[in-house]
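Right, one structure below, let's go through it.
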Amino acid sequence: MKSLSLFSVAVAALVSNVSAAGVTGTPEGFASEVTGGGSAEGAYPKSTDELVSMLGDSTTRVILLDQEFDFTGTEGTASEQGCAPWGTGSGCQTAINKDDWCNNYQPDAPKVDVNYDKAGLNPIIVNSDKSIVGVGANGVIKGKGLYIKGTKNIIIQNIHITELNPQYVWGGDAITLDGADLVWIDHVTTSNIGRQHIVLGTNADNRVSITNNHINGESQWSATCDGHQYWSMYFTGSSDAKLPMITMKNNYITKTSGRAPKVAGNTVLHAVNNYWSDNSGHAFETSDQAKILAEGNLFQDVKAAIEEGSTGAIFASPDASANAACSSGVGHVCEINQYDNSGSLSGTDSSFFSSFSGKAAEAKPASSVTGLAASAGFGTI
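So for the sequence shown, our numbering puts the first residue at -15; every next one is plus one.
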């Protein structure tokens, strides 16, 4: 009887662990309706081929990553001529001549030899209705990024994407959305990325929430030649039918020098309770149709909170009086941003607040976000 009892306890524990495996928490903001793979039974890929197959098929899935999936070397390497637009110093990124970029856009840059891993330029296709979830601190994808094109209802949580030819511009993007809808990127760490850590476009993406991530820009190579990644996040894409709408909350963005993020197209961005730390250039970069509500954020040692000459509509939550305007459109009084040894944002354009219409994420005072240095990214849930 005792053996049977112990067996029953073991089985119950196993069932409990399996049922508990999967997505943690609930999404906030524009992608609050995302369900990903829902209640599908968790599947554990055991090889890079299995991972690619599960992510790309048409089956609704919860895909659990309990190991490192190393794609480096799986598609061979390339040796060819590239260019050095930012110099040939040991800390400078050079560029792969992707789509003849060097010849078309940097014809005067010195020519250099480049040797890169091909897998980094060929991301994994992610189909609709998927949850991709790391188990503990084990879910690592090395040498390849994720590509979500024209699909919807996807959750990416608790994984680390790393080592995409970091010495080369055009070496690969960690996460790309192109014409996607209902995507939640949560508790993801990106590091040592050749190009963008997260990129949206060129086709407009609709409802996206980017939360609790660690954008780690520390690198041996960068376009600013100073160990700070310039290519951080790029949100673009225009649509007459639906606005690209992005919630960006509780992210830790460190060791960057630009595009953190770049906001273009007619994107609506709610940047709330994020922590920018150690940026040697600028955080935001914007263009004419961009619409940004920034509140409750902490900028610490950020040379410029926004690139000089940036345009678009910005509500920078400057003080209690101005922030009261948020109540009707956003649904709460906006929180003041905090600047420590940093440049600041400006602007009180509230003309786009109707876009939030019940989809605004909750905001807390900027003083609450310092803990993101420990809690953001993978391996913390």
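The C-beta atom is built at its ideal place from N, Cα and C for all residues, glycine as well.
Here the structure is a predicted model, which is why all the values come from computation and not from measurement.
Asked                                                                                                                              : Found
Identity of the residue in K30, D272, G361, T61 nearest L49 by Cα                                                                  : K30
N-terminal and C-terminal residue of the alpha helix (DSSP H) that W70 is part of                                                  : Where W70 is concerned, there is no enclosing alpha helix (DSSP H), given that its DSSP letter is neither H nor E.
Inter-residue spacing [alpha-carbon to alpha-carbon] between W154 and I199                                                         : 18 angstroms
Identity of the residues DSSP links to H254 by a beta bridge                                                                       : T231, L277
CB of G185 within 9 angstroms of CB of A248, strictly                                                                              : yes
Nearest-angstrom Cα separation, counted from E292 out to L329                                                                      : 11 angstroms
Where G127 falls, given that 16 or more other Cβ within 10 Å makes a residue buried                                                : buried
Beta-carbon contacts of P107 that lie in its chain and below 8 angstroms, excluding the five residues immediately before and after : K128, G129, L130, Y131, G156, D157, T160
C-beta atoms of T78 and C67 nearer than 9 angstroms                                                                                : yes
Straight-line gap, G134 to N190 (C-alpha atoms, nearest Å)                                                                         : 10 angstroms
Rounded distance between the beta-carbons of I298 and D333, thought under 8 angstroms                                              : 6 angstroms
Counted within 10 angstroms of its Cβ, other Cβ atoms place V124 as buried (16 or more) or exposed                                 : buried
Cβ shell of V96 (< 8 angstroms), same chain only, five flanking positions each side left out                                       : Q65, G66, C67, A68, T72, T78
Per DSSP, the bridge partner or partners of A79                                                                                    : C67, V153
Spatial distance of K287 from S74 (CA atoms)                                                                                       : 23 angstroms
Residue interval of the beta strand (DSSP E) (run including T146)                                                                  : 144 to 148
Exposure of S351, with buried meaning 16 or more beta-carbon neighbours within 10 Å                                                : exposed
Of the residues K348, E319, S305, A300, the one placed nearest G327, counting alpha carbons only                                   : A300
Burial state of K226, where buried means 16 or more other Cβ atoms lie within 10 Å                                                 : exposed
Contact check, N142 vs V117, beta carbons under 9 angstroms                                                                        : yes
Distance between beta carbons of V317 and N307, contact taken as under 8 angstroms                                                 : 5 angstroms
Through-space distance from D113 to T354, alpha-carbon basis                                                                       : 34 angstroms
Which listed residue (C310, Q322, I290, A274) has its alpha carbon closest to that of G280                                         : Q322
Exposed unless 16 or more other CB atoms sit within 10 angstroms - verdict on E147                                                 : buried
Host alpha helix (DSSP H) of Y89 (start-end)                                                                                       : 85 to 89
From S216, T61, P150, D162, residue whose alpha carbon lies closest to that of D101                                                : T61
Burial state of A164 (16 or more Cβ within 10 Å)                                                                                   : buried
Rounded straight-line distance, which links the Cα of A304 to that of I177                                                         : 39 angstroms
Unbroken alpha helix (DSSP H) run spanning S359, endpoints                                                                         : 356 to 359
Where E25 sits in the DSSP three-state scheme                                                                                      : coil
Limits of the alpha helix (DSSP H) - the one that V36 falls within                                                                 : 32 to 40
Simplified DSSP state of K128, which is helix, strand or coil                                                                      : coil
Nearest neighbour of I237, chosen from S294, W260, D272, D224 [CA to CA]                                                           : W260
Cα-Cα separation between M229 and K275, rounded to whole angstroms                                                                 : 10 angstroms
Proximity below 9 angstroms, CB of M217 to CB of H266                                                                              : no
L282 versus P349, G242, T251, residue with shortest Cα-Cα distance                                                                 : P349
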